[in-house]
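According to the numbering used here, the sequence shown holds residues 4 to 122 in order. Glycine is no exception: its CB is placed at the ideal position from the N, C-alpha and C atoms.
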Amino acid sequence: MSASPPRVELTHAATELLQKLRAAHGPLMFHQSGGCCDGSAPMCYPEGEFRTGGSDVLLESLTVDGISEPIGFWMSKSQYEAWRHTRLIVDVVEGRGGGFSLEAPEGVRFLIRSRMLGT
4 MSASPPRVEL THAATELLQK LRAAHGPLMF HQSGGCCDGS APMCYPEGEF
54 RTGGSDVLLE SLTVDGISEP IGFWMSKSQY EAWRHTRLIV DVVEGRGGGF
104 SLEAPEGVRF LIRSRMLGT
């Protein structure tokens, strides 16, 4: 039996940025924004700064080279229902993203690219 594909993947650029953010801020977490102020960007926070609960789903505990602890990637249950058939690929692009996410001062922002599971 083959292992199921990861629900969340990181590009090389995202991995490098997370290594830098981890060195500056300590353990990290993601919460996939559902819109509103920050669009639908993945928001990166110091671990535990964004409070998750029963209305959130942990999609993946990401293992990142050079970071000892996994980085949790969370999403609201309601958004997960709409996106449950997709694999999320976290990438980095130039430009200012959400003001609440740790990468904002770096002049870049995290961005989600997606593929249907099984492709």
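Please tell me whether L114 and P45 are closer than 9 Å, where the distance is taken between their beta carbons.
In the sequence shown, residue 114 corresponds to position 111, counting from 1. In the sequence shown, residue 45 corresponds to position 42, counting from 1. A contact, by the Cβ cut-off of 9 Å.
What does DSSP give as the partner residues of W86 in its beta bridges?
Position 83 of the sequence shown, counted from the start, is the residue given in the question as residue 86. Per the DSSP secondary-structure output, W86 pairs with nothing in a beta bridge.
Can you tell me where the alpha helix (DSSP H) holding E63 begins and where it ends?
The count along the sequence shown starts at 1 and reaches residue 63 at position 60. No alpha helix (DSSP H) contains E63, which is instead part of the beta strand (DSSP E) from D59 to L65.
Short Cβ contact (9 Å threshold) for E63 with G75:
Reading the sequence shown from its first residue, position 60 is the one you call residue 63. Reading the sequence shown from its first residue, position 72 is the one you call residue 75. It is a contact, given that the beta carbons lie within the stated cut-off.
Would the beta-carbon of I70 be found less than 8 Å away from any heavy atom of the ligand COA?
This structure lacks the ligand COA; in fact it carries no ligand of any kind.
Coarse secondary structure for S104, derived from DSSP in three states:
As a first step, residue 104 must be located in the sequence shown, where it is residue number 101. Correct three-state label for S104: coil.
Can you tell me whether V96 is buried or exposed? The criterion is at least 16 other CB atoms within 10 Å of its CB, across all chains shown.
Here residue 96 is taken as the residue at index 93 of the sequence shown, counted from 1. It counts as exposed.
Kindly list the residues whose CB is nearer than 6 Å to the CB of L91, restricted to its own chain and excluding five residues on each side of it in sequence; keep chain order.
The sequence position of residue 91 within the sequence shown is 88, counting from 1. Here the set comprises V11, I115 and S117.
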